[in-house]
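Protein chains: 2
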Amino acid sequence: MPEKKIRNMEEFAAVSGLSRPTVSKYFNDPDSVRATTRKRIEAALERHEYRPNIYAVNQNRRLTKNIGIVVPYLADPFFAEIARSIEMLVIEAGFRPILLGSHGDRGQEIDNLESLRSIKPAGVLLAPLGRISDRSAIESFCKAVPTVLFDSNMEGTGAAFIGSDNVSFVDQTVDYLCRTGTPPCFFEMKTPANPNANKRRLAYIAAMERAGLDPQVIKIDGEGWRFEEIGHKGTHDVIASGGFPSDTVLCSNDRLAIGLLAACYEHGLRVGRGDGCAMRVASHDDHPYSRFTCPSLTTAAHDYAEVSGRSVDTLFELIESGGRFDQRRETLFAARLILRDSA
Amino acid sequence: MPEKKIRNMEEFAAVSGLSRPTVSKYFNDPDSVRATTRKRIEAALERHEYRPNIYAVNQNRRLTKNIGIVVPYLADPFFAEIARSIEMLVIEAGFRPILLGSHGDRGQEIDNLESLRSIKPAGVLLAPLGRISDRSAIESFCKAVPTVLFDSNMEGTGAAFIGSDNVSFVDQTVDYLCRTGTPPCFFEMKTPANPNANKRRLAYIAAMERAGLDPQVIKIDGEGWRFEEIGHKGTHDVIASGGFPSDTVLCSNDRLAIGLLAACYEHGLRVGRGDGCAMRVASHDDHPYSRFTCPSLTTAAHDYAEVSGRSVDTLFELIESGGRFDQRRETLFAARLILRDSA
DNA sequence: CAAAATATTTTACGCGCGTAAAATTTACTG
DNA sequence: CAGTAAATTTTACGCGCGTAAAATATTTTG
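Protein chains in written order, with this note's numbering: chain H, 57 to 399; chain L, 57 to 399.
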């Protein structure tokens with residue numbers, strides 16, 4: 057059936073025997089037209105491949121159906137996966153996700169927000185870089201666009217924050233490690249990229265003190281988002297200067313732990329909880345690769361599903377409330393301890 | 057200076073004392089207006105924050121400035137990095153990259169192309185899933201949109217293909233391994249997701265036969281893109297059923313090798329080239345994590361920069377030629393051997 | 001310096017669609 | 001079945017901008 061090509065909504069309305077605005081209504085919400093009308097449109101749709109011009113649509117709509125998703129580092133499988141999960145929820149809700157990665161770079165983060173602003177999104181889900189973020193730029197963005205922060209909090213910025221409860225992460229790992237062996241020292245970057253790291257350190261200190269133990273924090277050098285490399289080099293440095301103060305090391309996050317484990321391996325330090333092991337290592341995040349480290353990594357897992365689900369729900373609620381909440385919301389989800397071979 | 061808000065190009069043209077079309081010309085190409093005119097516009101731009109409405113612009117332009125980038129799996133740091141590199145080149149060229157990941161899913165890949173088609177991109181850089189791709193859908197897309205394939209070839213599809221020379225990868229690893237120890241067996245998935253895997257197997261067999269050696273291919277079970285898990289389980293299975301036919305294993309790709317190394321570690325098999333090592337392992341791709349495996353992984357590296365650079369250049373050339381080349385082009389770049397500790 | 005050639009700007013029109021208000025149809029009442 | 005309320009469709013207008021053709025300014029030529 058060599059039906060002639062449909063060029064615009066006008067022509068499509070003609071072949072379905074309706075007026076263009078009726079068809080327009082249908083595309084905005086198929087249930088907003090009478091059932092018989094809907095059938096006619098859908099019948100025509102099967103014969104006449106037509107899709108509304110996305111630019112013309114968005115030019116006139118008060119609010120686009122675009123949802124921006126910004127994560128600090130797309131090459132980190134952790135963020136890639138959570139972004140993926142959010143994307144799917146956004147699509148299910150009938151919106152169009154636009155995924156952008158900031159590549160650990162302050163300027164890129166601002167560029168991303170700038171770029172999002174120009175496409176007039178209905179809302180944005182933003183996992184900020186953290187410490188190095190241009191705070192005032194992000195704040196001004198959040199004032200202009202309904203924004204929900206996730207993963208990494210910036211106090212007072214955005215209409216809501218959804219994340220994991222760092223205290224819950226650390227309490228569980230510290231408790232487990234203390235119960236089953238030497239109390240851990242804490243391994244982290246000197247200048248962490250992300251506020252979660254600070255919360256984790258504080259939670260570690262608090263947990264240790266609560267147990268009447270002496271907290272020991274090891275801070276290693278390094279800038280940026282190449283955490284494995286930083287953890288690797290930092291571990292070499294620590295070992296070179298006398299070793300860890302405890303045979304049990306709790307890493308701030310899994311990517312540091314991956315570097316640490318590689319360095320331990322190179323030094324012939326056997327990691328694990330069995331006989332003949334020189335040390336135990338645990339961490340936080342349940343990074344996708346933490347199952348495949350040597351040994352596999354004992355860690356505290358985020359509740360991916362809850363964080364992404366609640367983030368999306370909150371954003372849609374925000375959008376429906378006209379872009380404002382009476383009060384900023386913060387939601388934290390507890391961690392789940394994953395026991396593997398490293399501790 | 058509380059300048060009144062500029063709402064559209066008309067108003068902006070007014071405050072700069074020009075007609076709107078002149079301003080329009082400027083935004084399409086700043087050099088297309090007289091120098092004095094340009095100065096006036098840029099002066100006004102500093103006082104009056106204004107940016108053309110992206111939807112209105114793209115509605116009327118013959119060709120948008122959008123460039124689609126599709127990779128098979130964004131949660132794989134290898135693709136995340138190459139995508140990043142391509143993104144930057146696209147931005148430098150004054151275009152707008154739209155990055156999409158197919159999540160190892162045939163349907164998602166088609167959705168991505170569908171979604172790209174609706175934004176009428178000037179061109180698309182596509183790294184197809186490979187075997188499981190919906191070939192006819194991709195072909196029909198390539199006919200409608202100027203498309204350059206990269207990483208994974210599909211014979212005859214797209215105007216060009218840019219990738220790495222699998223023969224060069226395998227020749228180098230096989231040669232090195234044979235020179236320095238026992239000739240390798242080849243470790244791969246039974247039904248590889250990606251045509252590169254087939255090329256690598258054939259290259260391995262050819263290289264071994266050329267050297268008068270007996271090729272040994274080990275094919276493990278597993279579907280999908282969770283290569284580490286597949287390599288891990290596959291290795292356990294191989295070990296349980298008597299072990300590898302050679303003490304030297306060449307993996308089809310680094311992600312399989314990561315799983316293999318984890319499994320070897322669990323079995324207490326020491327990997328490396330030193331004394332007391334039970335086996336050697338090498339691989340292909342130089343995955344970002346291959347520096348941090350235990351032991352660090354000897355592998356053949358892609359020339360990221362060349363592949364991404366040439367892909368982008370080729371696409372722009374394609375766009376300038378009106379979306380067609382007289383003849384389909386294929387460009388392959390050689391690998392670089394990276395010696396680490398595993399072999 | 002006038003006229004022709006060229007570069008630049010303006011006029012005029014249309015792109016494809018959203019949406020308020022008006023007109024019409026359908027559903028519901030008694 | 002007439003009459004009214006509610007749901008639906010149509011009329012009419014405008015969004016913000018690209019672009020060909022016409023008008024004007026600038027540069028070059030003789």
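Every residue gets a Cβ at the ideal spot worked out from N, C-alpha and C, and that includes glycine.
Please name the residue in H:K289, H:R256 and H:S302 whose C-alpha comes closest to that of S339 of chain H. Counting from 1 along the first sequence, the entry for residue 339 of chain H is found at position 283. Among H:K289, H:R256 and H:S302, the Cα nearest to that of S339 of chain H is on H:R256.
Top-ranked residue by Cα proximity to I218 of chain H, from H:T304, H:G278, H:Q228 and H:V204: Position 162 of the first sequence, counting from 1, holds the residue named residue 218 of chain H. For I218 of chain H, the nearest C-alpha among the options comes from H:V204.
Candidates L:F197, L:R336 and L:V327: which alpha carbon is nearest P240 of chain L's? Within the second sequence, the letter at position 184 stands for residue 240 of chain L. Comparing Cα-Cα distances from P240 of chain L to each of L:F197, L:R336 and L:V327, the minimum goes to L:R336.
Enumerate in chain order the residues of its own chain whose CB-to-CB distance from F389 of chain L is below 7 Å, with the five nearest sequence positions on each side excluded. On the second sequence, residue 389 of chain L is found 333 positions in, with the first residue counted as 1. Once the five neighbours on either side are set aside, the close Cβ partners of F389 of chain L are S220, D221, D359, E362 and V363.
Can we say the stretch 60-71 of chain L touches the stretch 341-353 of chain H, given the rule of at least three CB pairs closer than 8 Å? no
Within the 8 Å Cβ cut-off, does E284 of chain L reach chain H? The residue labelled residue 284 of chain L in the question sits at position 228 within the second sequence. Output row for E284 of chain L: interface = yes.
For the stretch 88-101 of chain L, which residues have a CB atom closer than 8 Å to at least one CB atom of chain H, in sequence order? none
Please name the residue in L:S302, L:G163, L:G287 and L:V368 whose C-alpha comes closest to that of G237 of chain L. Here the question's residue 237 of chain L lines up with position 181 in the second sequence. When only C-alpha atoms are compared, the closest one is L:S302.
Start and end residues, alpha helix (DSSP H) containing M65 of chain H: Within the first sequence, numbered from 1, the residue matching residue 65 of chain H stands at position 9. Segment M65 to V71, the alpha helix (DSSP H) holding M65 of chain H.
If the criterion is Cβ atoms closer than 8 Å, does the pair L312 of chain L and G287 of chain L meet it? Locating residue 312 of chain L in the second sequence gives position 256, where the first residue counts as 1. Locating residue 287 of chain L in the second sequence gives position 231, where the first residue counts as 1. A contact, by the Cβ cut-off of 8 Å.
Jot down the residue ranges of each uninterrupted beta strand (DSSP E) in the stretch 334-376 of chain L, minimum 3 residues, whole runs only, in chain order. 336-341 and 354-357
So what's A267 of chain H in DSSP terms, helix, strand or just coil? Here residue 267 of chain H refers to the residue found at position 211 of the first sequence. Coil, per DSSP.
Under 7 Å between beta-carbons, which chain H residues line up against I110 of chain L? List them in chain order, please. Counting from 1 along the second sequence, the entry for residue 110 of chain L is found at position 54. Correct list: S174 and I175.
By how many angstroms is the C-alpha of K121 of chain H removed from the C-alpha of K61 of chain H? Here residue 61 of chain H refers to the residue found at position 5 when the first sequence is read from its first residue. Here residue 121 of chain H refers to the residue found at position 65 when the first sequence is read from its first residue. Rounded to the nearest angstrom, the two C-alpha atoms are 27 Å apart.
Examine the Cβ distances between the stretch 130-141 of chain H and the stretch 88-96 of chain H and report whether three or more of them are shorter than 8 Å. no
I need the DSSP call for T291 of chain H, collapsed to helix, strand or coil. Here residue 291 of chain H refers to the residue found at position 235 of the first sequence. Correct three-state label for T291 of chain H: helix.
Between the Cα of Y106 of chain H and the Cα atoms of H:P184, H:R63 and H:V223, which residue gives the shortest distance? As a first step, residue 106 of chain H is located in the first sequence; it is residue number 50 there, counting from the start. Considering only alpha carbons, the answer is H:R63.
Straight-line CA distance for A131 of chain L to D132 of chain H? The count along the second sequence starts at 1 and reaches residue 131 of chain L at position 75. The count along the first sequence starts at 1 and reaches residue 132 of chain H at position 76. When rounded, the distance between both Cα atoms is 7 Å.
Does T387 of chain L come out as helix, strand or coil in the three-state DSSP assignment? Residue 387 of chain L sits at position 331 when you count from the first residue of the second sequence. Of the three classes helix, strand and coil, the one that applies to T387 of chain L here is strand, per DSSP.
Pairwise C-alpha distance: Q383 of chain L and P58 of chain H: Reading the first sequence from its first residue, position 2 is the one you call residue 58 of chain H. Reading the second sequence from its first residue, position 327 is the one you call residue 383 of chain L. Because the pLDDT of P58 of chain H is 42, which lies under 50, any placement of that residue in the model is unreliable, and the question is left without a value.
Given 8 Å as the limit, is there contact between the stretch 241-248 of chain H and the stretch 277-292 of chain H, that is, 3 or more CB pairs closer than that? yes
So, helix, strand or coil for N122 of chain L, using DSSP? To locate residue 122 of chain L, count along the second sequence from 1; it is residue 66. Three-state result, N122 of chain L: strand.
From the DSSP output, read off the bridge partner residues of K275 of chain H. One-based indexing of the first sequence puts residue 275 of chain H at position 219. Answer by DSSP bridge pairing, in chain order: H:E244.
Cα-Cα, which of L:M210, L:A100, L:L233 and L:L119 is closest to V201 of chain L? Reading the second sequence from its first residue, position 145 is the one you call residue 201 of chain L. Here the closest residue by C-alpha is L:L119.
Does any C-beta atom of chain H lie closer than 8 Å to the C-beta of E137 of chain L? Your numbering for residue 137 of chain L matches position 81 in the second sequence. Yes - at least one Cβ of chain H is within 8 Å of the one on E137 of chain L.
If you draw a straight line from the alpha carbon of G160 of chain H to that of S174 of chain H, how long is it in whole angstroms? Locating residue 160 of chain H in the first sequence gives position 104, counting from the first residue. Locating residue 174 of chain H in the first sequence gives position 118, counting from the first residue. In a straight line, the C-alpha of G160 of chain H is about 22 Å away from that of S174 of chain H.
When the Cα atoms are used, what is the spatial distance from S377 of chain L to N252 of chain L? Taking the second sequence and counting its residues from 1, one reaches residue 377 of chain L at position 321. Taking the second sequence and counting its residues from 1, one reaches residue 252 of chain L at position 196. The straight-line gap from Cα to Cα measures roughly 29 Å.
What is the residue span of the alpha helix (DSSP H) that V433 of chain H lies within? Residue 433 of chain H is absent from the model: chain H starts at 57 and stops at 399.
State the start and end residues of the unbroken beta strand (DSSP E) segment that holds V226 of chain H. Indexing the first sequence from 1 puts residue 226 of chain H at position 170. It is not in any beta strand (DSSP E) - V226 of chain H instead sits in the alpha helix (DSSP H) that spans N222 to T236.
Y321 of chain H: contacting residues in chain L (beta-carbon distance under 7 Å): Position 265 of the first sequence holds residue 321 of chain H. Simply C350 and P351.
Report yes or no: do the stretch 363-374 of chain L and the stretch 315-326 of chain L share at least 3 C-beta pairs separated by less than 8 Å? no
Looking at the unbroken alpha helix (DSSP H) that takes in L145 of chain H, where does it start and where does it end? Taking the first residue of the first sequence as position 1, residue 145 of chain H is located at position 89. Its alpha helix (DSSP H) spans residues P133 to E148.
Rounded to the nearest angstrom, what separates G278 of chain H and T291 of chain H at their Cα positions? The residue given as residue 278 of chain H occupies position 222 in the first sequence. The residue given as residue 291 of chain H occupies position 235 in the first sequence. Computed Cα separation, rounded: 12 Å.
Rounded to a whole number of angstroms, what is the C-alpha to C-alpha distance between G214 of chain L and D270 of chain L? If you number the second sequence from 1, residue 214 of chain L lands on position 158. If you number the second sequence from 1, residue 270 of chain L lands on position 214. Looking at the two C-alpha atoms, the distance is approximately 37 Å.
Tell me whether A361 of chain H, by its Cβ, gets closer than 7 Å to a heavy atom of the ligand ATP. Ligands in the displayed structure: none, and consequently the ligand ATP is not present.
So is A313 of chain L in contact with chain H if we call contact Cβ pairs under 8 Å? As a working note, residue 313 of chain L is residue 257 in the second sequence. It does not; no Cβ of chain H falls within 8 Å.
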